[in-house]
Amino acid sequence: MLLMNKYVILPLVGFMLLSSCGGDATKSGCDSVNSCLAIYDFEGARHLIDREDYGWEKEFREVTIAESKYWAEKGEIDKALSVIDESWGVSESDWPEEDWQQWRYNIIEKGVTSCCEKGNYSQAKIYALKAPDDLNIDGQKIGSSSGRWEDKKGNTYDYQGECENDGVKPCSEIKAKGPSMREELLKKIAQFEELLK
């Protein structure tokens with residue numbers, strides 16, 4: 003009788019363990035966000051993100067970056083941009099706006115460069131027009147505060163108080179300067195056109 007129970011209980015325990023593990027696995031078999039990203043299963047990675055978990059937006063950012071990079075490398079710039087655009091609004095602490103804008107610019111620039119190398123300047127210009135004309139390549143709004151300060155001698159500081167205490171007064175706030183992302187890309191296209199005439 004004891005022997006019979008052993009043969010019934012062991013398979014039952016094994017089945018329960020497999021069932022509990024299998025609930026979190028995806029169709030591709032990955033069981034974590036990172037393992038899904040390693041095999042380019044972006045849908046599975048998104049499925050495994052626990053939106054109740056405190057750090058879910060950080061994982062969402064990682065998936066967005068990995069997937070958009072994947073599509074950009076395949077030449078699917080529009081698809082890569084749509085993946086990025088779906089992530090807009092991730093909290094500032096997990097993906098600051100400036101960093102998000104820089105990543106988006108990076109993907110657009112890949113598309114522009116690829117088109118220029120093929121001599122497809124019209125498509126390159128279409129991609130360039132998708133870049134903001136009011137943000138610089140650091141993702142900062144041109145004319146807004148850069149968060150840095152400059153003393154009379156041109157030394158820069160991260161904090162106004164630091165500048166005023168250590169620097170040569172007066173201290174002035176440094177504003178974000180151009181050119182804009184769009185201007186940079188259009189300039190790059192013009193250089194390609196000129197060089198490859």
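To convert, take the position in the sequence shown, counting from 1, and add 2; that gives this note's numbering. Heads up, the beta-carbon is just placed ideally off N, CA and C, and yes, glycines get one too. Just so it is clear, the structure is predicted and the values come from calculations on it, not from any experiment.
Under the 8 Å Cβ criterion, the stretch 134-145 counts as touching the stretch 165-182, having at least three qualifying pairs. Remark: C-beta atoms of residue 102 and residue 90 approach each other more closely than 9 Å.
The distance from the Cβ of residue 115 to that of residue 85 is about 19 Å, inconsistent with a contact at the 8 Å cut-off. Note on the stretch 157-191: whole beta strand (DSSP E) runs with a minimum of 3 residues are 174-177, in chain order.
Short of 7 Å from the beta carbon of residue 47, and not among the five residues preceding or following it, lie these beta carbons of its own chain, in chain order: 35, 38, 39, 65.
Annotation for residue 113: the continuous alpha helix (DSSP H) segment containing it runs 99-119. Pairing residue 191 with residue 151 gives a Cβ-Cβ distance that is not under 9 Å.
Of the residues 82, 107, 148, the one whose Cα lies closest to the Cα of residue 188 is 107.
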